[in-house]
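One structure is given here, and the rest of the page talks about it.
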Amino acid sequence: MNTDYYPASFTAFDALGDFYAATGNIPNAVACYRKALSLNPQELTKTKLDKLEHQ
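In this text, residue positions in the sequence shown follow the numbering used here: the first is 48, and each later residue adds one.
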């Protein structure tokens, strides 16, 4: 997995969060988005996280 090889990559965690969200794995999507935001606070990722947390 990219997050194993690149643990400091915002893009890897954001993309993995997108995958988990698309497949309905909300807890893992939230965790990935939070990690991505800790690496690089991007508004789009924050919006995706907020949407999942308020479902």
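Glycine included, every Cβ here is placed at the ideal spot set by N, Cα and C. Note that the structure is a prediction, hence the values are computed from the model and not measured.
Best match in the options for proximity to residue i [C-alpha to C-alpha]
i       : options                        : result
Pro-88  : Asp-61, Met-48, Pro-54, Tyr-52 : Asp-61
Glu-100 : Arg-81, Leu-86, Pro-54, Leu-63 : Arg-81
Phe-66  : Met-48, Pro-54, Tyr-52         : Met-48
Leu-86  : Ser-56, Lys-98, Ala-76, Leu-96 : Ser-56
Boundaries of the alpha helix (DSSP H) in which residue i is found, first to last residue
i      : result
Thr-94 : 90–100
Ser-56 : Looking at the DSSP string, Ser-56 is not in any alpha helix (DSSP H), and its letter there is neither H nor E.
DSSP three-state assignment for residue i, whether helix, strand or coil
i      : result
Thr-70 : coil
Asn-75 : helix
Asn-87 : coil
Burial state of residue i (16 or more Cβ within 10 Å)
i      : result
Gly-71 : exposed
Same chain, Cβ closer than 6 Å to residue i, neighbours up to 5 away in sequence not counted
i      : result
Asn-75 : Tyr-67
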